[in-house]
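**Student:** Mind having a look at this structure? Questions to follow.
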Amino acid sequence: MVKNGALIYTAHPEKNIDPAMHTRYVEGEIDLDKVPLNGGVLLKTFYLSSDPYIRYRMREPHLASFVPTLSGIDNFGVGQVLRSEDPKFEPGNYVTGYLEFSEYSVYPGKIIHGFKEPLAKIEKLPGIPLSIYIGTLGMPGTTAYQALKYFGAEKLKTAKTMFVSGAAGPVGTFVIEYSKVLAPHLKVIASAGSAVKVKIMKDVGADIAFNYKEQDTAKVLEDHGPIDIYWDNVAGPTLDAALRNFNNNGLIIACGAISQANHDDASVVRNFDQIFQRSLTVRGFITGQGESAAVVPKFYEEVVPLVLQNKITSREHKSHGLVEAGKALAEVHVGANAGKAVIVVADE
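According to UniProt numbering, the residues represented by the sequence shown are 1 to 348, in order.
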């Protein structure tokens with residue numbers, strides 16, 4: 001019998017996540033030799049991901065949204081197979097998938113988000129931690145790749161200027177670097193909310209990087225635009241500023257709207273008339289779903305070489321242990337992290 005720490009979900013937040021109120025760390029036990037596998041596998045968790053979208057899952061079950069509600073806490077993670085009754089996996093295999101927030105778990109458990117194959121084998125890249133599979137080579141990287149490849153590739157050939165909001169996170173930095181791979185001529189304007197994040201955006205190749213808390217977004221776009229593409233991670237007033245500073249026939253890729261997660265008046269968008277006045281195209285998407293997901297099978301084939309060539313890079317903001325996981329969930333929602341938020345559960 002060994003300790004099996006876990007993070008459980010205790011209450012629905014009305015606004016921001018309070019780790020002391022909405023989550024709780026608990027410790028149980030598990031018999032690693034005898035726990036029934038029922039045709040599945042026993043996993044040891046190495047890394048778990050904290051992502052802003054989890055806030056959308058923290059709600060009453062009757063409230064509709066684009067993602068299901070939380071019952072137990074789970075998200076993308078990386079682990080290792082300790083025992084297996086599944087012919088697809090052997091002890092020692094590294095895997096990624098939707099993992100419970102616990103030190104050890106048995107799969108198949110519940111099928112999350114309709115995934116038919118909740119676990120996938122991964123290979124360790126030389127000199128790179130496995131946590132890259134929940135960041136650059138995980139959901140954030142796939143998100144950026146899917147939309148840029150499917151919606152943006154043609155537009156990037158002729159676009160002169162792109163604006164990326166929330167650009168210091170793992171999606172935003174991938175967007176900046178991959179856009180520069182596809183269109184080296186492109187000028188990228190990028191925004192985030194701290195001096196540390198401004199440096200991150202500059203380091204990954206943004207031509208104009210600014211702190212939206214200290215500089216007026218509309219004025220920056222007026223001075224350095226007009227823009228042809230806007231990658232939107234936040235919506236709200238930032239989207240309003242972008243709508244007023246577009247070239248005609250521009251493209252908006254709507255990836256997120258974190259400013260609207262709490263549904264307060266400050267998140268209202270008022271300049272929607274600019275969409276028809278400037279003949280703008282708006283493309284929204286959900287990662288791994290819809291027509292744009294057709295490009296995802298090529299993701300590893302194209303992106304792993306770019307990672308190994310250091311053309312697409314990673315930064316991590318680490319929390320250590322599941323006892324810190326509730327704090328990690330809260331920090332990412334308010335932008336307190338600098339880099340991909342990674343919960344380190346155990347050493348590789």
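Just so it is clear, CB atoms sit at the ideal spot from N, CA and C, and this is done for glycine as well.
Could you have a look at M162 and say whether DSSP puts it in helix, strand or coil?
**Tutor:** Stepping through the sequence shown from its first residue, residue 162 is reached at position 162. Three-state DSSP puts M162 in a strand.
**Student:** First and last residue of the alpha helix (DSSP H) that includes R57?
**Tutor:** Here residue 57 refers to the residue found at position 57 of the sequence shown. Unbroken alpha helix (DSSP H) run through R57: 54-57.
**Student:** Flag this pair as touching only if the segment 46-54 and the segment 330-338 have three or more C-beta atom pairs under 8 angstroms; answer yes or no.
**Tutor:** yes
**Student:** Just the C-alpha distance for E222 and V175, rounded to the nearest angstrom, thanks.
**Tutor:** Position 222 of the sequence shown holds residue 222. Position 175 of the sequence shown holds residue 175. Cα-Cα distance, rounded: 22 angstroms.
**Student:** Quick one: what does DSSP say H113 is sitting in, helix, strand or coil?
**Tutor:** On the sequence shown, position 113 is the one that residue 113 refers to. Below a pLDDT of 50, predicted positions are generally treated as unreliable, and H113, at 49, falls in that range; the measurement from the model is reported next regardless. Note: H113 maps to coil in three-state DSSP.
**Student:** For the beta strand (DSSP E) holding H320, just list the boundary residues, first then last.
**Tutor:** Residue 320 sits at position 320 when you count from the first residue of the sequence shown. First-last of the beta strand (DSSP E) with H320: 316-320.
**Student:** Counting pairs of Cβ atoms below 8 angstroms between the segment 129-143 and the segment 66-74, do you hit three or more?
**Tutor:** Contact fails: fewer than three Cβ-Cβ distances are below 8 angstroms.
**Student:** Between which residues of its own chain and L7 is the CB-CB distance below 7 angstroms, once the five residues before and five after are set aside?
**Tutor:** Stepping through the sequence shown from its first residue, residue 7 is reached at position 7. Hits under 7 angstroms: T23, Y25, I73, F101, L322, A325, G326.
**Student:** Just to check my reading of the structure: K121 and F89 have Cβ atoms closer than 8 angstroms, yes? What is that Cβ distance to the nearest angstrom?
**Tutor:** As a first step, residue 121 is located in the sequence shown; it is residue number 121 there, counting from the start. As a first step, residue 89 is located in the sequence shown; it is residue number 89 there, counting from the start. The pair is a contact, with the Cβ atoms about 7 angstroms apart (cut-off 8 angstroms).
**Student:** Residues in its own chain within less than 8 angstroms of V181 by CB, not counting five upstream and five downstream?
**Tutor:** Residue 181 sits at position 181 when you count from the first residue of the sequence shown. Here the set comprises L306, K311, I312.
**Student:** Whole angstroms is fine: what's the gap from F115's alpha carbon to Q289's?
**Tutor:** Residue 115 sits at position 115 when you count from the first residue of the sequence shown. Residue 289 sits at position 289 when you count from the first residue of the sequence shown. The pLDDT assigned to F115 is 45, lower than 50, so where the model puts this residue is not dependable; a value taken from the coordinates is nonetheless given after this. About 11 angstroms.
**Student:** So, under 8 angstroms CB-CB, N233 and V171 are touching, yes? Tell me the CB distance rounded to an integer number of Å.
**Tutor:** The residue you call residue 233 lines up with position 233 of the sequence shown. The residue you call residue 171 lines up with position 171 of the sequence shown. Correct: roughly 6 angstroms between the Cβ atoms.
**Student:** Excluding five sequence neighbours on each side, which residues of the same chain lie with their C-beta closer than 7 angstroms to the C-beta of Y107?
**Tutor:** Locating residue 107 in the sequence shown gives position 107, where the first residue counts as 1. Excluding sequence neighbours, Y107 sits near G40, V41, L43, P118, L119.
**Student:** Does the distance from the CB of T143 to the CB of E103 come in under 8 angstroms?
**Tutor:** In the sequence shown, counting from the first residue as 1, residue 143 sits at position 143. In the sequence shown, counting from the first residue as 1, residue 103 sits at position 103. Going by C-beta atoms, T143 is not nearer than 8 angstroms to E103.
**Student:** Run the CB neighbour count on G152, radius 10 Å, all protein chains shown included, and call it buried at 16 or more, exposed below.
**Tutor:** Stepping through the sequence shown from its first residue, residue 152 is reached at position 152. The Cβ neighbour count for G152, taken over all protein chains shown within 10 Å, is at least 16; the residue is labelled buried.
**Student:** Buried or exposed: where does M58 fall if 16 or more other Cβ atoms within 10 Å of its Cβ makes it buried?
**Tutor:** Numbered from its first residue, the sequence shown carries residue 58 at position 58. Buried, since its Cβ has 16 or more Cβ neighbours within 10 Å.
**Student:** Within 10 angstroms of the Cβ of residue 362, are there 16 or more other Cβ atoms? Answer buried if so, exposed if not.
**Tutor:** Residue 362 lies beyond the stretch modelled for the chain, which goes from 1 to 348, so this question has no answer here.
**Student:** My output table needs one value for F285: the three-state DSSP class, helix, strand or coil.
**Tutor:** As a working mapping, residue 285 is identified with position 285 in the sequence shown. Coil.
**Student:** Decide yes or no for the touch test of the segment 156-165 against the segment 182-193: beta carbon pairs closer than 8 angstroms, at least 3 of them.
**Tutor:** yes
**Student:** My assumption, with CB atoms under 8 angstroms, is that A192 sits in contact with N211. Please give the rounded CB distance.
**Tutor:** Position 192 of the sequence shown holds residue 192. Position 211 of the sequence shown holds residue 211. Yes, A192 and N211 are in contact; Cβ-Cβ is about 7 angstroms, under 8 angstroms.
**Student:** What are the boundary residues of the alpha helix (DSSP H) that K180 is part of?
**Tutor:** Mapped onto the sequence shown, residue 180 falls at position 180. Residues 170-182.
**Student:** Can you tell me the Cα-Cα spacing of D207 and Y230, whole angstroms?
**Tutor:** In the sequence shown, counting from the first residue as 1, residue 207 sits at position 207. In the sequence shown, counting from the first residue as 1, residue 230 sits at position 230. About 15 angstroms.
**Student:** Run through the DSSP bridge pairs and tell me what S84 is partnered with.
**Tutor:** Sequence index remark: in the sequence shown, residue 84 carries index 84 (1-based). DSSP output for S84 lists V41 as bridge partner(s).
**Student:** What are the boundary residues of the beta strand (DSSP E) that includes A6?
**Tutor:** Locating residue 6 in the sequence shown gives position 6, counting from the first residue. That run of the beta strand (DSSP E) goes 2-9.
**Student:** In terms of residues, what are the limits of the beta strand (DSSP E) holding V342?
**Tutor:** Here the question's residue 342 lines up with position 342 in the sequence shown. Where V342 is concerned, the enclosing beta strand (DSSP E) stretches over 340-344.
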